[in-house]
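With the first letter of the sequence shown counted as 1, position 218 gets the number 217 in numbering that gives the first Met the number 0; the numbers rise by one all the way through. Positions of the beta carbon are idealized from the N, C-alpha and C atoms, including for glycine. Just so it is clear, the structure is predicted and the values come from calculations on it, not from any experiment. Data first, discussion second: the structure below is written as structure tokens.
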Amino acid sequence: MLHASCFMLQERGFATIVGVMAVLALSLIFSGGFLYTTISSTKSLTNEINSEQGYYASEAGIEDAIYRIKNGKNIGSQTVLAVGSAVATTTIATVGQTTTITAEGALARATRRVQTELTLSTQQSDFYYGVQIGAGGLVMKQNSVINGSVYSDGTITCTSSCTGTKIMGDAWVAGGAAATADQSSTTQNADQSVGAAQHDVAQSFRPSVNGVLSYVSLYLKKTGNPANVTVRVISDKSGEPDGPAQVVASGTLTASSVGSTYAWIDIGFSSTPTLDNTETYWIVIDGGSDMSNYFVWGYDTANPYANGQAKHSPDWSVGNPTWTNVNGSANSDLAFKAYLAGAATMIDGLLVTGDARANTIQNSQVCGDAYYTAIDASSLTFLNSPGSPCSLPYTPGTAHTPVADPPTIPMAISQANIDTWEAAATAGGIIAGPYSPPNGTTFGPVKINGNLNLTTNGAIYYINGPVWVVGDILVDNNVKVVLSPGFGTLSTVVIADNPAQQSTAGSIIVQNGVRICGSAGYNAGTNTCNPSNGSYIMFLSTYNGADDAIQLKNNSDGAIFYASAGTLQVEQTASAKQITGYKIELENNAAITYESGLLGVDFSSGPSAGWAITGWKEIQ
């Protein structure tokens, strides 16, 4: 019995051990499985985290590239960007007006790729640089013709041998502004947003004399892409701008004329009010309410202008608006200039086939109606009894007098616009000048430090983006300058500008027989530009010295020419699609034709065109 009992006890002990070992084995199996699952889950989670960080890095790479492209910053075809512990590699490819950006974000072995497309969009274009002439006015000589209407801020006159001199359209001459501002505050050490936290912003001033308000100039920059806004001049009420019933004048601040850095922006008005030197007036910008897209008006905190102050309001137009001192101090003044009218302007000595509007009309033949303050006897006689060279049937014009002078229209290309184009050119690279490229060269966007000489007779050159020449430009006899086909209906600029020497450098000379064509190209068989598709090259000079800023010789054709601060001279049989300048002189037989629709030219960079995001997706 004893042996049997011991055996049974041993058997039970063995079974217990086996059971414990089985439990331990099962525990190990379950623990191993759980540990394996945990490790796998952890690894999967790590990969997922790395993948997400890679995705965010690729998004950051895309956004960095978009910022650089939209703002004209320097960027290569491939860029590596560190984003935290991840790395984004951005690749850029451009075909025509579409740029494809691909960004691969990587962390450890996890990678994600994102792709977007940018297309130049001009659907929201509000950039107009119209058929206008600055305060220097228009001088015409024998048989010179403008085929189209003209708006000039200075006198239009024929100086000698005026037979055949005519404007085939309407002629408007503004009242003319004084050369210097009547009131101003020109220093800045602080920024005031307009259209963000403080919607409406105002600066007061008091004119020194009774006079007609011509225009104002404001020291502005912008953040994002704000819309156009209204600028008003409003009477004072107890030290604040009065209500809507007391608006003296109003005009438009065109958003496209303002850049991302400070510049003086001129603003004209739709009327020409007379200001009283015993009264205070307020310049009010009526801003929006967008915290991402707004203007910034520079101001100074040290009371630089004794006859005014700066205020802001949530809404100037409500019944009892709340106005608060900028920076909480009556010593703050926003940077501004207020210009009053200067000497009387006139139309003198030429034929106008349409209507004529000027302070004074003399020695002229007006086939349409006339709007004036003063007119001489011979001009009035012709107005009442018109004849040749007016078109049949001869119909007497109507005299409208006295009428207010047409308002001054500031030059439509601002310094901020020029700065933007120059930045876009610089982003394409910098080369030393003088630069004399061989026949067939394609160049741009580029900055040339020195003169540009396109001097090989009969050569053809291709422009592939904005060109900034820090010197003079010479386009010699029979040269062809053609915009690259990829621009489609868009245009570009070639700028002559030496900011340090604008009185001695920055002129443009276009010699005989030159052809300047848009992206539709040049026809060698006919030696002409192909019919325009709305695409042009604009040659722009900032020269302001005693000589001509731009000279167009015989038979030059097919471009837009713009002299921002000097004289643009058109000689004999020279012609152009569009000329705009501070002062314009047409020599004998010169002809200018303003092409229909040219007011809305869309440029591939700068104020009229923007990059629109047309696609954004993750790819394999």
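Per DSSP, what kind of secondary structure is residue i in: helix, strand or coil?
i	result
LEU412	Reading off the sequence, residue 412 comes out as Ile, not Leu. ILE412 falls in the coil class under three-state DSSP.
GLU570	coil
SER124	Reliability fails at SER124, whose pLDDT of 31 lies under 50, so the model's placement of it is uncertain and the value that follows must be treated cautiously. Coil at SER124, not helix or strand.
SER377	helix
SER363	coil
GLU617	strand
PRO240	strand
GLU278	coil
THR592	strand
ASP620	One cannot answer for residue 620 here, as it falls past the ends of the chain, which runs 0 to 619.
THR419	helix
ASP299	strand
SER256	helix
ASP190	strand
ILE325	Reading off the sequence, residue 325 comes out as Val, not Ile. In the structure shown, VAL325 sits in a helix (DSSP, three-state: H, G or I).
LEU585	strand
ASN620	With the chain running from 0 to 619 in the structure shown, residue 620 is simply not present.
ALA81	strand
SER483	coil
SER213	strand
GLN500	coil
SER184	strand
Can you tell me the Cβ-Cβ gap for residue i and residue j, rounded? I've got them flagged as a contact below 8 Å.
i	j	result
GLY307	ALA177	Rounded, the Cβ-Cβ distance is 19 Å, inconsistent with contact.
ILE462	ALA495	With 8 Å as the limit, ILE462 and ALA495 do not qualify as a contact, their Cβ atoms being about 14 Å apart.
ALA305	VAL325	About 16 Å; that fails the 8 Å criterion.
CYS161	GLN141	6 Å
ASP314	HIS198	6 Å
Only counting the same chain, and skipping five residues up and downstream in sequence, which positions put a Cβ closer than 7 Å to that of residue i?
i	result
ASP241	ILE233, SER234 and ASP235
ASN553	ASN511, GLU570, GLN571, THR572 and ALA573
ILE360	MET345, ILE346, ALA369, TYR371, ILE374 and SER378
ASN587	LYS140, GLN141, ASN142, SER143 and GLN571
By Cβ distance, which residues of its chain are closer than 8 Å to residue i, with the 5 residues on each side in sequence left out?
i	result
GLY520	VAL481, PRO484, CYS528 and ASN529
GLN245	ILE233, SER234 and LYS236
THR440	TYR460 and TYR461
THR185	TYR218, PRO303, ALA334 and LYS336
LEU339	ALA176, ALA177, ASP181, PRO206, VAL208, GLY210, VAL211, LEU212, SER213 and LEU274
PRO436	PHE442, LEU453 and TYR460
SER363	ILE346, ASP347, GLY348, LEU349, LEU350, VAL351, ALA355, SER378 and PHE381
TYR293	SER192, VAL193, GLY194, ALA195, LYS221, THR222, GLY223, PRO225, GLY286 and GLY287
SER328	THR300
VAL228	VAL193, GLY194, THR251, LEU252, ALA254, ILE284, ASP285, GLY286, GLY287 and PHE294
GLN131	VAL149, TYR150, SER151, ASP152, ILE408, MET410, ALA411 and THR579
GLU58	ALA102, GLY104 and VAL113
GLN501	THR541, TYR542, ASN543, GLY544 and ALA564
ALA64	ILE74, THR78, THR89, ILE91, ILE100 and ALA102
Considering only residues of the same chain and omitting the five flanking positions on each side of residue i, which have a CB-CB separation below 6 Å?
i	result
ALA631	Residue 631 lies beyond the stretch modelled for the chain, which goes from 0 to 619, so this question has no answer here.
THR407	ASP152, ALA173, ALA176, SER213, TYR214 and GLY267
ILE618	ARG112 and GLN114
CYS157	MET139, THR164, GLY348 and LEU349
GLY353	GLY168, ASP169 and GLY367
LEU539	VAL492, ILE494 and TYR561
THR78	THR89
SER216	TRP263, ASP265 and LYS336
ALA56	VAL82, ALA85, ALA87 and GLY104
ASP475	THR454 and GLN510
On the DSSP bridge list, what partners appear for residue i?
i	result
PHE560	PHE538 and ILE578
LEU389	Correcting the residue type first, residue 389 is Cys in the shown sequence and not Leu. CYS389 pairs with nothing; no bridge assigned.
SER270	Beta-bridge pairing links SER270 to no other residue.
ILE155	LEU137 and ILE346
TRP315	In DSSP, TRP315 forms no bridge with anything.
GLU103	THR88 and ARG112
ASP285	ASP199 and THR229
ASP666	Summary: the structure shown does not reach residue 666, with the chain confined to residues 0 through 619, and so no result is reported for it.
ASN146	THR592
LYS221	PHE294
GLY659	Since the first residue shown for the chain is 0 and the last is 619, residue 659 is missing from the structure and cannot be characterised.
ASN522	THR527
GLN308	Paired residue(s): none; GLN308 is not in a bridge.
Is any heavy atom in the ligand MG found nearer than 7 Å to the beta carbon of residue i?
i	result
ASN477	In the structure shown, the ligand MG is absent, as is every other ligand, since no ligand is present at all.
Check whether chain C comes within 8 Å of residue i, counting only Cβ atoms and requiring the distance to be less than that.
i	result
ASN209	No chain C appears in the structure shown, which is made up of a single protein chain.
Taking contact to mean at least 3 C-beta pairs separated by less than 8 Å, is the segment 204-211 in contact with the segment 285-292? no
How do the segment 451-470 and the segment 417-427 stand: do at least 3 beta-carbon pairs fall below 8 Å, yes or no? yes
So, does the segment 149-159 touch the segment 332-347, judging by three or more C-beta pairs under 8 Å? yes
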